[in-house]
């Protein structure tokens, strides 16, 4: 198999750059219409936060399933406290108490009260709970009521939180910590969620050394692999494969034909003579986009092989980070129940200096926060300079219809987490 | 041991509510001065995103450690292309090529060019890389140069990304995905990070059933436990213990004396006769705050037992969520290298209706987003109604110096993730 032209001279279009680059908008439009059917999985609720519910959850019970006190105080008949004040104290006889989990068989009748704790069941006959601070004790068996209380007050009614038979959480919900409490409260131990996306990460390049190797001679160490692992994990996926392979068509083909939901493949993605990846994706599946009008990451490509999605990502680390977050990460986040957009806090800041861009091209410009609360573009902005993203506090996206921004412009900034 | 007054009548101040409630500001001021010394741990870089660096990282090498091409093109002597244009094409002889990881022993001399791929080492003699799109091929061994190129152009210089001997990441840094790439690029396989905070979660209450139980009689199922687990995991901690115990002083004391960095203990935290937890913390350590001027979570307490920190959290689930995020979560996030503040996206929205609060009290008010992009306070707002936080889209914090907000006011909203 010989896909690459091994002539010394680039006599085909591949060496000449992209004939056409798609706009980021067109690529995102396509991407946002893509989907992957995920299988289901039952997991303990304690591990279910951030997972996506596979089915509606219907409660079979009321919460609370008994009327209970919401205060420490006295269960009484509200009418017995009518007109009570500090100057018109009304005496009630205390006949017992109701404790959480236990309750009482005693019945509140007119002129009597039952001491009650927060969460304890409301005794029969009581129509309100009088807060403890609104009484004065008289000996050991009576209280003086000093304030009236409305009927139903300080009582948690049956079904007030959750009504039996109602849908409490919908399919597709990304579960929050409080959702876990809700599920626990109705007695759920396990729930069915969608499985996580299975990501394969393949770093191509004859010059790539494995993680933990010191770069030597003209070789460099795999750095995109562990970065992409961290990014995909952050966005809710799992990594089922993370390897480096040479610029060898058979190795690339094997990686493409393996099992995964999403393949992130870096290196060899442009239009140079060693760039086998786009050609192989075209051969094995469909290369839907190749070349995007953006900087960095202009060599980004994406497509499908059957139901599998493949993202072609530049081997330049800044371009790799940018292309991941712009495209692959957006897709992974959405399918993991998260917001598609940049997973970074955004704010508005004023540019200290001009930020240059080019009409027709979307720019991912790294910036630093200045001590005077303005932002400064980072001068060293090559796609190969990963430290430009570690020195940076965040980035500004310059859309394709802008020739950058003048100094003093207020712009939206995304801050790296 | 008998700490609680078992009289029917509450004849002590504990039944009467808090004598004094601290302001949220005072509590946060204290909390933000607290710290915990965390031990160190060496872990593989692929697992190090979001962990906190225990030591400065100094690079022992330059990145790149050889001059390399940043483009697919031709390594030439820049002066050879001086004055070149489409109308003044200059011919160069192509004498070989430089591939990534391999390079060439050939030397570029005046009148010659070496074909070069992105990432390949720059041949000796070359002073610039001419992009492939700026040439025309002539047969198999010559090119016509159609554009000049500045000296040094499209070359990645030695040390341009990372300079040998420099600190590339500082102690205390919470590692980003791109930091992992940086560490990988200099050959790191493992790095030393701080250990995660060890959280013990203890749910007290005679009425609490274990997870997976259907609530029955007057008992309720543990829901705060799994919620607190999810919250603490989200904020970067690990859970070393998560149990339910009865309202029994010996069980509570044992839980307090166990090993942990932070204890989250819910239930029995107020000033009622069954509320043993504050008394036991006072006995075993120091109850620094008890009672906060806020709603919900007014019974929040916190303190220390030696180097361990203890947070007293209401058993009411909304109060539990609020108190966690306001105080314990803030502390955990900070010690886990994250921002102390609410870990939710914030935005500004207009209130559709009035949002009532009380002067002197901080309110955590759940809200929903309306279809017209305004926000509405959620009417059912009791601290026991967990569904108020699952129906909600987020919350508004009403500071103690505000009596709420009028309708049409624009306020900051935090959106649940």
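Chains as they are written, first to last, in the numbering used here: chain A, 15 to 431; chain B, 15 to 431. Cβ atoms here follow ideal geometry from the backbone N, Cα and C, with glycine treated the same way.
Asked                                                                                                                         : Found
Beta-carbon spacing of residue 211 (chain B), residue 251 (chain B) below 8 Å                                                 : yes
Under 8 Å between C-beta atoms of residue 209 (chain A) and residue 53 (chain A)                                              : yes
Interface flag, residue 191 (chain A) vs chain B, CB-CB below 8 Å                                                             : yes
C-alpha gap between residue 285 (chain B) and residue 313 (chain B), whole angstroms                                          : 8 Å
Length-filtered (3 minimum) beta strand (DSSP E) runs lying within the segment 297-373 of chain A                             : 300-304, 315-319, 322-327, 359-364
Neighbour flag for residue 158 (chain B) against chain A, beta carbons, 8 Å                                                   : no
Minimum Cβ-Cβ distance from residue 86 (chain A) to chain B less than 8 Å                                                     : yes
Amino acids of chain B, ordered along the chain, whose beta-carbon sits closer than 9 Å to that of residue 220 (chain A)      : 113, 114, 115, 116
Listed by chain order, chain A residues near residue 233 (chain B) by CB distance under 7 Å                                   : 115
Status (buried if at least 16 other CB within 10 Å, exposed otherwise) for residue 287 (chain B)                              : buried
Supposed close pair residue 381 (chain A), residue 410 (chain A) - CB separation, criterion 8 Å                               : 6 Å
Sequence-distant residues of the same chain with beta carbon closer than 6 Å to residue 424 (chain A), five excluded per side : 362, 364
Those runs of the alpha helix (DSSP H) which lie wholly inside the segment 188-248 of chain B and span at least 4 residues    : 191-199, 238-248
Beta-ladder partner(s) of residue 99 (chain A), from DSSP                                                                     : A:102
Touch test, the segment 251-262 of chain A against the segment 71-90 of chain B, Cβ-Cβ under 8 Å, three pairs minimum         : no
Unbroken beta strand (DSSP E) run spanning residue 410 (chain B), endpoints                                                   : 408-412
Distance between residue 169 (chain A) and residue 18 (chain B) (C-alpha atoms, nearest Å)                                    : Reliability of the predicted coordinates at residue 18 (chain B) is poor, the pLDDT of 40 falling under 50, and the value obtained from them is presented with this limitation in mind. Looking at the two C-alpha atoms, the distance is approximately 24 Å.
Where residue 122 (chain A) falls, given that 16 or more other Cβ within 10 Å makes a residue buried                          : buried
For residue 276 (chain A), the first and last residue of its enclosing beta strand (DSSP E)                                   : 276-280
Under 7 Å by beta carbon: chain A residues contacting residue 228 (chain B)                                                   : 75, 201
Beta-bridge partners of residue 419 (chain A), as assigned by DSSP                                                            : A:369
Cβ of residue 335 (chain B) within 8 Å of any chain D Cβ                                                                      : Reference to chain D is not applicable here, since the protein chains of this structure are A and B.
Within chain A, the residues that residue 392 (chain B) reaches when beta carbons sit closer than 7 Å                         : Simply none; closest approach about 13 Å.
Alpha-carbon to alpha-carbon, residue 417 (chain A) and residue 438 (chain A)                                                 : Given that chain A is displayed from residue 15 to residue 431, the structure contains no residue 438 (chain A) and the question cannot be resolved.
Exposure of residue 107 (chain A), with buried meaning 16 or more beta-carbon neighbours within 10 Å                          : exposed
Classification of residue 69 (chain B) by the beta-carbon crowding that lies within 10 angstroms, buried from 16 upward       : exposed
Continuous alpha helix (DSSP H) assignments of at least 4 residues falling wholly in the segment 91-176 of chain A            : none
Under 7 Å from the C-beta of residue 131 (chain B): neighbouring residues of chain A                                          : 286, 288
Cβ-based contacts, 8 Å cut-off: residues of the segment 168-187 of chain B near chain A                                       : 170, 174, 175, 176, 182, 183
Under the three-state DSSP convention, the category residue 264 (chain B) falls into                                          : helix
Cross-chain neighbours of residue 255 (chain B) in chain A, by beta carbon under 7 Å                                          : Chain A residues near residue 255 (chain B): none, gap ~13 Å exceeds 7 Å.
Extent of the continuous alpha helix (DSSP H) run through residue 43 (chain B)                                                : 38-45
For residue 294 (chain B), three-class secondary structure by DSSP                                                            : helix
Residues of the segment 267-278 of chain B with Cβ closer than 9 Å to any Cβ of chain A, in chain order                       : none
C-beta contact flag for residue 140 (chain B) and residue 128 (chain B) at 8 Å                                                : yes
Among B:270, B:299, B:161, the one whose alpha carbon lies nearest that of residue 217 (chain B)                              : B:270
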